[in-house]
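In what follows, a single structure is set out as structure tokens and then discussed.
Chains as they are written, first to last, in the working numbering: chain A, 1 to 446; chain B, 1 to 446.
Dropping the structure here:
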């Protein structure tokens, strides 16, 4: 029984791409897959896909082409470079979905280049994704799609096959989807680093790591990334769910975006430096949960060892970790929402997207609505957060444990206090990013 | 021929204390020395001092008592704790000089405790020092002396024996000397970390490290610490000139002071986290020039190896390092001067002290006078510095080299730009610390 569904070419069968492509196979699409890593092609064949060894061969006769390679540079190469380039065989009117995460300027560049080559017929959708390997494999990824209406309409059925109800159409044309992803990665990047900073702190405090994780997961310090990554630290598991180099690249796109927008991103920058240290230390290709080892250089597997600890959990010490996490996540939420507003994204859409995606945190979900409504109903003040972060920092100082992100967050809250917002609700942290034209998120006068 | 000079008790014969005490011996004082480390006492004896094995024995019959132990806690212990405590044998009307670096509140606490014990006769001078081991040994240390006039007068000859022309009398009573030292250590701490960050960057860029050092030393990126510490990296030398733990403690006092003053210290905090990482990595007891190894985890001696490199020096690459240093040092100068103003120190005195001490940098000496005069005559703008730091950061990102301090500095300059100071002279960076009452260092309208 031949499939009635249209053919899809899928380029880039990494941890995310493999799940996305095999999901399309399961939905009865004929899928031709390309990857430079031969063993992956064999696995893809075993999963019912058709392997191909060049981009050109891969896209032949395919009305839909999905790019999920690691970088924008790899898309450029697969699409345009040499005799095996995909552009040489792209079907007339083919619909391209660019799902890799790249800098905001790369999608318009690809459209331009296609036109220069006389392939203005090709439809291009800026379609970065988020959600991790499990949602990739079951077709429920968050996809932030932007482009011309005709292109969006053409790609719609395939985007829905990959995203289900998590398909977001972002107004603003090419680059807008990538901007959403960039703002999302502000949070993803900070939260991944904070997960290691927090669990390293747990270990340095001598807490049983498994029960600490369970308690923190239920606390106001939790985040999607914390829940997702920490389990990898608690068991002996060398699987690379997401290579550290991926988030390094994404945070690099974030800070480059901050520089382009002339916008300070203190926590993203601090996260970037921690990540650079980890790559320097040789961790680029391992799972990003291994970042915790950088925080515990003399005992990189301490979190794993303490997973079987029979110690009872000191709630007092655990509170220090929770406060560090909550303070960082609140400042990160402000950093992300302010950057989004600065680059012209609709804040309500940003909130709706992030709050259900991998960039979510308890703090983000609780506090970001206050920026949107202007109703600042937090029970805590800026100075309360200063006091909480101070407790965490002072304990870490005693232990000579580095709190790179929490230390940065404390300076931000102290700056807000210095500016006269100390007695204001904690969400006044966003006012650090006030420009000469006033606040990005003004408070409603009550 | 018996000495006619009065007896001095000297407690704490570490790298600094040993030089200070033997300098007093050379000036013909009878000096009794105490230290917990027996080999040091033997060396002290060989140098003409009289060793003693308890604080109590050390201070017997001495009209002058100098404390140069590592921490305020060690002073408290040597002075007050147990049967061997110095307080049990302090001479009537003895003059105490507290030269260790401690938190601002500890000197008043010691005076109070002496009074409670009925020893209100003892005179106490808050007298922290700066300048390194060479100046310690030749009696030209910078000393920041504060206290009651009677106490200052009594201690004056001995303070002059230790400081020569570098004795500073700081108004404000006990704690004021320590505050000066704290502000000085903002710069010392940042510059020590930046020295390693810069030389690690030199190595990562593959530059010949010795000629890079010579060129940077002559550039606007230089600092006293850079000139002083880098030579230790360029030769095989395991001597501990200043243990990393010392600057860790000092920076801890700085950030605690920032928290007490509710004042954000972004660069000091970033430096503190780098230093905490180095202690975690086991570097606490080695010379602080070894911090460069933390920046080069896969080749900690790269700077040493490249000292004999025959490569020619790429001026273009060197400029990146220079720009990173200059940007960090300018922001550090602002952070220090603003903290000094915030804690009530006289800014002109602060400038005079720091510009001739170990906290000096080319940037500090060039730019700080503009804050004092209000005449902002820099040729560069805030946005110029943003552009320079951006170049450095983007190159470091490509190399996955962490620029912890330069990354932080870039965010500060971007924040200043966001606040509307982008086209102002670069010294407008100080306006980040504007409070609700306006700028700490206003610009004179021209």
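We put the beta carbon where it would ideally sit given N, CA and C, even for glycine. Computed from a predicted model, the values in this text were never measured in an experiment.
- Scanning the segment 159 to 226 of chain B for uninterrupted alpha helix (DSSP H) segments of 4 residues or longer gives 176 to 204, 209 to 217, listed from N- to C-terminal end.
- For residue 224(B), the nearest beta carbon of chain A is not closer than 9 Å to its own beta carbon.
- A direct Cα-to-Cα measurement between residue 32(B) and residue 42(B) gives close to 12 Å.
- Looking from the CA of residue 399(A), the closest CA among 277(B), 189(B), 40(B), 441(B) belongs to 277(B).
- Residue 93(A) and residue 410(A) have their C-alpha atoms roughly 53 Å apart.
- Residue 98(A) and residue 9(A) have their C-alpha atoms roughly 12 Å apart.
- With the criterion set as a beta carbon lying under 9 Å from some beta carbon of chain A, the segment 207 to 224 of chain B has no members that meet it.
- Residue state for residue 17(B) is assigned as helix, using DSSP reduced to three classes.
- Taking 9 Å as the cut-off, the beta carbon of residue 86(B) is found closer than this to the beta carbon of residue 55(B).
- If you keep only unbroken beta strand (DSSP E) runs of at least 3 residues inside the segment 5 to 50 of chain B, you get 8 to 11, 31 to 34.
- Cβ contact annotation for residue 340(B) (same chain, cutoff 7 Å, sequence separation greater than five): 183, 347, 350, in chain order.
- According to the DSSP secondary-structure assignment, residue 76(A) is paired through a beta bridge with no residue.
- Going by beta carbons, residue 443(B) and residue 359(B) fall outside the 9 Å limit.
- The segment 169 to 180 of chain B makes no contact with the segment 203 to 215 of chain B; the number of CB pairs closer than 8 Å stays below 3.
- The residue from 14(A), 16(A), 48(A), 39(A) with its alpha-carbon nearest to that of residue 28(A) is 48(A).
- When beta bridges are read from the DSSP output, residue 143(A) appears opposite 129(A), 167(A).
- Taking 4 residues as the shortest admissible run, the segment 306 to 353 of chain A contains the following complete alpha helix (DSSP H) segments, listed from N- to C-terminal end: 315 to 342.
- Under the DSSP assignment, residue 285(A) falls outside any beta strand (DSSP E); it carries neither an H nor an E label.
- Its Cα nearest to that of residue 72(A), the residue 110(A) stands out among 296(A), 110(A), 57(A).
- Straight-line spacing of the CA atoms in residue 129(B) and residue 256(A) works out to 43 Å.
- Residue 94(B) carries a coil assignment under DSSP once its states are collapsed to helix, strand and coil.
- In the three-state reduction of the DSSP assignment, residue 373(A) falls in the helix class, which pools H, G and I.
- Annotated as distal: residue 155(A) and residue 174(A), with beta-carbon spacing of 9 Å or more.
- Taking 7 Å as the upper bound on Cβ-Cβ separation, chain B lies near residues 279, 280, 281, 282 of the segment 278 to 294 of chain A.
- By the C-beta criterion, the segment 212 to 222 of chain B is judged to be in contact with the segment 311 to 323 of chain B, since at least 3 inter-stretch pairs fall below 8 Å.
- For the segment 324 to 351 of chain A, no residue has a beta-carbon sitting nearer than 7 Å to a beta-carbon of chain B.
- Taking the CA atoms as reference points, residue 265(A) sits about 13 Å from residue 406(B).
- For residue 144(A), the closest alpha carbon among the candidates 393(A), 244(A), 233(A), 354(A) is that of 354(A).
- Scanning its chain for C-beta atoms nearer than 6 Å, with the 5 sequence neighbours on each side dropped, one finds around residue 363(A) the residues 326, 329, 330, 333, in chain order.
- At least one C-beta of chain A is nearer than 9 Å to the C-beta of residue 422(B).
- Listed along the chain, the chain B residues whose CB falls inside 9 Å of the CB of residue 433(A) are 415, 418.
- Sequence-distant partners of residue 238(B) (beyond 5 residues in either direction) whose C-beta falls short of 8 Å from its own C-beta, in its chain, are 286, 287.
- Bounds of the alpha helix (DSSP H) holding residue 251(A) are 244 to 260.
- Taken through DSSP and simplified to helix, strand or coil, residue 410(B) comes out as helix.
- Counting every other CB atom within 10 Å of its CB across the protein chains shown gives residue 46(A) a total below 16, marking it as exposed.
- Per DSSP, the unbroken alpha helix (DSSP H) holding residue 295(B) starts and ends at 292 to 295.
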